[in-house]
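Reviewing the structure listed below.
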Amino acid sequence: MAFLKTLSGGLADDMALKGDGVVLRYPTMEDFEAWARLRGESRDFLVPWEPAWTRDELTRTAYRRRLRRYARDIRDNEAHPFFIFKEQGGALVGGVTLSNIRRGVARACALGYWVGASHRRQGYVSSAVATLLPFVFGTLQLHRLEAACLPENAASEGLLRKLGFTQEGYAREYLKINGVWRDHLLFAMVKGDLKG
């Protein structure tokens, strides 16, 4: 795994993080077609695990709004959204986001991720999250990485446990998923848990 040119606590717009079989980089307008196609093909697979989709979710206009929000979040160091690409061939397979970055006494952030239906259970998200760990605990100098998953999402729970996250609790009506407040299992990893 290698970092490619990190700048001032983050990445330059044209830089990437390289991991085992994956490359992570910030989304660009040039990614719109691949993103819209993958998300559209994966809609039925993704909807049960995500916040409610907007009516214009997959339009170019909505994507531009998303990029503006991403740029603001990156600039303010409040979130770091990445797309996940296959190292071989460069196909977009999903995304992973570090959000709700808190500094001061907490020094923590939240982890979220998604993968296209045709790429699930192939190790891309696991590799992407593993690639982000040095970025979280090294580059961003955070102490804690938090994640949550629906109790019935065995795949996500297994991924988090495999990577060294510890289940810390159960939160009632923690996040609104597909328009409904849902209970979640809470997981976290602290800097001292990082292997290697």
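Okay, so the sequence shown: first residue is -9 according to the working numbering, each after it adds one.
By construction, the Cβ of each residue, glycine as well, lies at the ideal position given by its N, Cα and C atoms.
Keep in mind it's a predicted model, so treat the numbers as computed, not measured.
N-terminal and C-terminal residue of the alpha helix (DSSP H) that residue i is part of
i	result
P124	114 to 124
G148	144 to 152
E20	Premise fails: E20 is in no alpha helix (DSSP H) and is neither H nor E.
A69	Neither: A69 is in no alpha helix (DSSP H) and is coded neither H nor E.
R33	33 to 36
Length of the line joining the Cα atoms of residue i and residue j
i	j	result
H161	A138	The residue asked about is misnamed: residue 161 is Ala in this sequence, not His. Whole-angstrom Cα-Cα distance: 9 Å.
P141	L150	13 Å
F73	L153	19 Å
Y259	V170	Residue 259 cannot be examined here, being either before or after the span of the chain that is shown, -9 to 186.
D46	L36	16 Å
S89	A144	23 Å
G182	E23	40 Å
L14	Q157	26 Å
G113	T121	12 Å
F155	R97	17 Å
T129	A42	32 Å
D173	Y103	18 Å
G79	R110	17 Å
T44	R65	25 Å
G159	A178	10 Å
S268	L123	Since the displayed the chain opens at -9 and closes at 186, residue 268 lies outside it and no answer follows.
R54	A61	11 Å
V189	A81	Residue 189 cannot be examined here, being either before or after the span of the chain that is shown, -9 to 186.
V180	L7	21 Å
Span of the beta strand (DSSP E) around residue i
i	result
Y164	156 to 167
L176	170 to 180
R92	82 to 92
K8	6 to 8
W104	98 to 105
L135	134 to 139
Whether residue i touches residue j by CB criterion (9 Å)
i	j	result
L175	E136	no
I167	P38	yes
L28	V83	yes
G31	S108	The sequence given here places Glu at residue 31; Gly does not occur at that position. Contact: yes.
L184	F127	yes
Proximity to residue i [Cα-Cα], best of the options
i	options	result
A26	P124, T51, G9	T51
I91	L82, G9, L101, E20	L101
E77	G113, S108, V126, G9	G9
V105	D34, R134, R55	D34
C99	A81, F125, A145	F125
G16	D63, H133, T49	The sequence given here places Tyr at residue 16; Gly does not occur at that position. Among D63, H133, T49, the Cα nearest to that of Y16 belongs to D63.
G85	R93, R54, V119, R65	V119
R93	A81, R54, R134	R134
T87	E68, G79, L184	E68
V95	L57, Q131, A81	Q131
R58	F75, E40, T18, A6	T18
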